[in-house]
Amino acid sequence: MHLYQEQPIKIYNSLSGEKELFKPINDGYVGMYVCGPTVYSNVHLGNVRTFMSFDMVFRYLKHLGYKVRYVRNITDAGHLENDADEGEDRIAKKARLESIEPMEVVQRYTVDFHNILNKFNFLPPSIEPTATGHIIEQIELIKDILQNGFAYEINGSVYFDVVKFNESHDYGKLSKRNLEDMIHNTRELDGQSDKRNPQDFALWKKAEPQHIMRWPSPWSDGFPGWHLECTAMSTKYLGEHFDIHGGGMDLKFPHHECEIAQNEAAKGQSPVNYWMHANMLIMNGKKMAKSTGNFILPNEIFTGDNANITKAFSPSVARFFMLQAHYRSVLDFTNDGLLASEKGFNRLMEAINHLDHLPVSTTSSIDLPSWIQKCYDAMNDDFNSPILIANLFEGVKYINQIKEGNESISQEDLNSFKNTIHTFVFDVLGLLPSQSSSDNSDDKLTGTVELLIKLRQEARANKNFALSDQIRDELTSLGIQLKDGKEGTTFSTN
RNA sequence: GGCGUCUUGGCCGAGUGGCUAGGCAGUGGUCUGCAAAACCAUCUACAGCGGUUCGAAUCCGCUAGACGCCUCCA
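This is the structure we're talking about:
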């Protein structure tokens, strides 16, 4: 008996526009593909939010006992800056600007990407393939599409024939667009393109002489079209038909639409059962943009070195903040929001620390099993992490009530209570426990402050409040806060 | 211009045709030598207008606004 058999989940499928009962193709196994980053600059915070959403999905599916193969690619082949069939490839551009090899650009930002994700406590995907590592597979796919008559070659480049494809298939079914509208609304190109129609997209592009990243192919020395790599890699590692495909909302069109078209054209079947799209992250109510200063790098959150925030926030606080919003909602990244989340997060962590010291009774006064099921219900309902967190705070309330003696809990219930909290907070949400003063690695500081706490206690016992307050206030101004509790005084630093 | 998503209390942010979301802040209280911290309790909602309904913040329409996509950015 697996957990997933008793916890059916519903997923909002972008394709149908409805929440659907999740049923994997192979019982007990889940194949999930998520479009990864193009590594030509530091990872975008919005990108982090998207991957965090799928990290949570991955974690929950695993928790339910599914064997999940999670594939998230790295786009390291340069692609053109626009679909109008002109412009420079972004990695090459960066390489030119910094006078380094394109692969140095790729390496630098791949490392940055992994560093940031590690700080946020992401689980590594099962496979993290690169586009440049799958050129052969992409060329084979192009051959299939050409052979099936849905692409044409011209001047060494190969384009997907959207108009022809649409005659027998439905191009636009994911993004709810129809080709007629698109054709009517397209601005005329300058006639520089080899494409038959503006809606067509490149499968293979012949490289200009100055283009550094290039590979041989039957059509020319060139490079693959952007949409193709995901089709090639998802097919290779998950098959022609798999369970879940995710990505940011902005990839729905054209990228994911094109993926569907490529799969149908090459393999004759729609590749994905459940399409999931994570919504955008905005900042202070507006789109993040470097040009307006309305922008923050993930790392700047941890250092506090950005004008948009007043202090540094730990990765777990930032993670908690993001998971307090549903993945399909637009989330506004603000200093006030972060501050609020930090306090809530700390309260949650304090309560979890108390779990180990709760008094046990012979019976429980709370209905623990139904609370546990409420936590599962939240996640089963399209991975509703905000509701889960609301339930966890209800758990916090229980913990405090038990601590105060207003509620009671049996040993058996306490064990499953602890278990459930740990599962959801650390395994599913992927939060990291905050360091309490007790396991502060800085022993010298801890010893020193504990000495001062002791001296302050003695002063208070002697009613020398001038001294005791002086110790307290001067520590406060150093960023060390004393917390008087029933079981003595603890401290925290910030 | 086209398509789509959204508009909830001081702030963030869920959800639902009739039943308290939650967090932060505020207020009252417990604790304290006084505070802080912690804990307990608690106030303020569902953009506007019209319609469907016994009943809508929840469904439908219109208006206003926001955001996204339509140039590959998640």
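With our numbering applied, the first sequence covers 676 to 1169. Don't be surprised by glycine CBs; every beta carbon is placed ideally from N, CA and C.
- Apart from the 5 residues on each side of it in sequence, residue 982 sits with its Cβ closer than 8 Å to the Cβ of 968 in its chain, given in chain order.
- In this structure the segment 945-956 does not lie against the segment 738-754, because fewer than three pairs of beta carbons, one per stretch, are closer than 8 Å.
- Note on residue 708: 16 or more other CB atoms within 10 angstroms of its CB, so buried under the neighbour-count rule.
- Taking C-beta atoms as the reference points, residue 711 and residue 744 fail to come closer than 8 Å.
- Spanning the alpha carbons of residue 1151 and residue 973 requires a straight line of approximately 29 Å.
- According to DSSP, residue pairing for residue 899 in a beta bridge involves 879.
- Between residue 1084 and residue 1027, the CB-CB gap reaches or exceeds 8 Å.
- By the neighbour-count criterion, in which a residue is buried when 16 or more other Cβ atoms sit within 10 angstroms of its Cβ, residue 1047 is buried.
- The beta carbons of residue 908 and residue 804 sit about 5 Å from each other, so the pair counts as a contact at 8 Å.
- Taking the Cα positions, residue 1105 is about 14 Å away from residue 1023.
- In this structure residue 1073 is not in contact with residue 1087, their Cβ atoms being roughly 15 Å apart against a cut-off of 8 Å.
- DSSP lists 923 as the bridge partner or partners of residue 953.
- Counting along the chain, residue 706 sits inside the beta strand (DSSP E) bounded by residues 704-709.
- Membership of residue 1030 in any alpha helix (DSSP H) is not indicated, and neither H nor E is assigned to it by DSSP.
- Per the Cβ contact rule, the segment 717-729 is in contact with the segment 794-811 (3 or more Cβ pairs under 8 Å).
- In this structure, DSSP gives residue 1008 an extended state, which the three-state scheme calls strand.
- Ranked by Cα distance from residue 927, the first of 848, 896 and 1021 is 848.
- DSSP places residue 721 in the uninterrupted alpha helix (DSSP H) bounded by 720-738.
- Contact between residue 766 and residue 780 is confirmed by a C-beta separation of about 5 Å, below the 8 Å threshold.
- Counting C-beta atoms within 10 angstroms of its own C-beta, residue 1017 has 16 or more neighbours from the protein chains shown and is therefore classed as buried.
- Within the same chain, Cβ atoms closer than 7 Å to the Cβ of residue 979 are found at 986 and 987, the five residues on either side in sequence being excluded.
- Cα atoms of residue 819 and residue 825: separation of roughly 9 Å, rounded to the nearest angstrom.
- For residue 777, the CB contacts under 7 Å within the same chain, skipping 5 residues up- and downstream, are 753, 766, 767, 770, 887 and 888 in chain order.
- The straight-line gap separating the alpha-carbon atoms of residue 715 and residue 1009 is approximately 26 Å.
- Listed as beta-bridge partners of residue 688 by DSSP are 693.
- Per DSSP, residue 843 is one residue of the alpha helix (DSSP H) stretching across 837-843.
- Between residue 876 and residue 902, the C-beta gap is smaller than 8 Å, which places the two residues in contact.
- A distance of 8 Å or more separates the beta carbons of residue 741 and residue 687.
- When the five nearest sequence neighbours on each side are left out, the beta carbons in the same chain lying within less than 8 Å of the beta carbon of residue 1059 are those of 1001 and 1053, in order along the chain.
- According to the DSSP secondary-structure assignment, residue 1160 is paired through a beta bridge with 1163.
- Within its own chain, the residues whose Cβ lies closer than 8 Å to the Cβ of residue 733, once the five positions on either side in sequence are excluded, are 707, 743, 745, 798 and 800, listed in chain order.
- Scanning 840, 808, 1068 and 833 for the CA closest to the CA of residue 882 turns up 833.
- Taking the C-beta atoms as reference points, residue 958 is found nearer than 8 Å to residue 971.
- The Cβ neighbour count for residue 1057, taken over all protein chains shown within 10 Å, is at least 16; the residue is labelled buried.
- Remark: fewer than three beta-carbon pairs, one from each stretch, lie closer than 8 Å, so the segment 810-819 and the segment 912-928 are not flagged as touching.
- The residue from 1055, 1133 and 1163 with its alpha-carbon nearest to that of residue 695 is 1055.
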